[in-house]
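Numbering (the working numbering), first residue to last: 31 to 319.
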């Protein structure tokens, strides 16, 4: 195939006006390539849905989004040559929001589950687990879900562990005559923690990293009583089904972050882990037996 002439080759033979036109055309083409990609809700911007009440993953500090997800998405958007913009949205409304095109992507400690995978596409990027919290020095120290029989438990609304707790209640607690697990859902994690402090519930089920931050912020008034991660889970970015171009670009930008060591630095900073392929398959319910 014949090579295409570049600008240096053709410039000397062009009149002055033609040279200007050629230069402008080349600049426009290169700029279009640099900024091209999947269409977003707002041109030149990656609009991100996040529940900014969920430290250390997502919160507001000095009027700006902070935590793992904002740090991660700011880097990711940079690789896409897009400006990141965050839309503070309560957790239970995130999937509805991305599917209604209120934002391009969910980045909000969203656990990957087979049920959610029917509604959105995922880019898995973190692994974590759950913890139980209770008031310190009360004698109630639940270690596992079965210890919650007959108890009131607070949780952020729409959390992936709620169906699991309900299953334990139906399959273990009630048949044994120990009383059902009374799960009470709250809009935010701080509200769920406040329910523990006010004795409105007996315990809180929370993500392990969030639980540790809750203990630190409350000065030890509550304690993590479970001793191992409960229901280990994978966290993923959420994208509207059918938005394949954006999904591919997010995956490519994520790969670039790994190559540069940016992702690994964030994992170390926040004491979280990268999911394995098997972790992801287990989360999606596609792992082979």
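Where a beta carbon is used, it is the ideal one built from N, C-alpha and C, also for glycine.
Quiz item: By Cβ distance below 7 Å, which residues in the same chain neighbour residue 198 in space, the five residues on each side in sequence not counted?
Solution: The beta carbon of residue 198 sits closer than 7 Å to those of 175, 176 and 211, all from its chain and outside the five residues before and after it, given in chain order.
Quiz item: Is there contact here, the region 228-237 with the region 157-167, by at least three beta-carbon pairs under 8 Å?
Solution: The answer is yes - the region 157-167 touches the region 228-237, with three or more Cβ pairs under 8 Å.
Quiz item: Roughly how many whole angstroms lie between the Cα atoms of residue 371 and residue 142?
Solution: The chain is shown only over 31 to 319; residue 371 falls outside these bounds and no answer can be derived.
Quiz item: When you compare each of 153, 195 and 283 to residue 355 by their alpha carbons, which one comes out closest?
Solution: Missing from the structure shown is residue 355; the chain here goes from 31 to 319 and no further.
Self-check item: With 16 other Cβ atoms within 10 Å as the buried cut-off, status of residue 244
Solution: Counting Cβ neighbours within 10 Å, residue 244 comes out buried, since at least 16 surround it.
Self-check item: For residue 91, the first and last residue of its enclosing beta strand (DSSP E)
Solution: Where residue 91 is concerned, the enclosing beta strand (DSSP E) starts and stops at 89-91.
Quiz prompt | Environment of residue 305 [buried if 16+ CB atoms lie within 10 Å] | solution = Buried, since its Cβ has 16 or more Cβ neighbours within 10 Å.
Exercise. Output the distance between the C-alpha atoms of residue 81 and residue 169, rounded to the nearest integer angstrom.
Key: Answer to the nearest angstrom: the Cα atoms are 33 Å apart.
Quiz item: Nearest-angstrom Cα distance between residue 110 and residue 123?
Solution: If I take the Cα positions, the gap works out to 26 Å.
Quiz item: Okay, do the region 269-276 and the region 125-135 touch, 3+ Cβ pairs below 8 Å being the bar?
Solution: Yes, the region 269-276 is in contact with the region 125-135.
Quiz item: How long is the line joining the alpha carbons of residue 217 and residue 186, rounded to whole angstroms?
Solution: One C-alpha to the other measures close to 6 Å.
Practice problem: Would you kindly check if the distance between the Cβ of residue 255 and the Cβ of residue 144 is under 9 Å? | Solution: By the CB criterion at 9 Å, residue 144 and residue 255 fall outside the cutoff.
Self-check item: Candidates 311, 292 and 313, of which the one nearest residue 103 by Cα
Solution: Per the Cα distances, 292.
Exercise. Could you name the residues of the same chain whose beta carbon sits closer than 8 Å to that of residue 149, not counting the 5 residues immediately before and after it, in chain order?
Key: Excluding the 5 residues flanking it on each side, residue 149 has same chain C-beta neighbours closer than 8 Å at 125, 129 and 271, in chain order.
Quiz prompt | Nearest-angstrom Cβ-Cβ length linking residue 139 and residue 99, presumed shorter than 8 Å | solution = Confirmed, about 7 Å.
Practice problem: From the DSSP output, in three-state form, read off residue 289 for me. | Solution: Of the three classes helix, strand and coil, the one that applies to residue 289 here is helix, per DSSP.
Quiz item: Apart from the five residues on each side of it in sequence, which residues of its chain come closer than 6 Å, Cβ to Cβ, to residue 309?
Solution: The answer, listed in chain order, is 157 and 264.
Exercise. Work out the CA separation of residue 115 and residue 75 for me, nearest whole Å.
Key: Residue 75 and residue 115 have their C-alpha atoms spaced approximately 7 Å apart.
Quiz item: What are the residues that DSSP puts in a beta bridge with residue 245?
Solution: Paired residue(s): none; residue 245 is not in a bridge.
Exercise. Measure the beta-carbon distance from residue 86 to residue 240 and round it to whole angstroms, keeping in mind my assumption that it falls under 8 Å.
Key: About 7 Å separates the two Cβ atoms, so the contact holds.
Self-check item: Nearest-angstrom beta carbon gap, residue 137 and residue 10 [assumed within contact, 8 Å]
Solution: What is shown of the chain runs 31 to 319, which leaves residue 10 out entirely.
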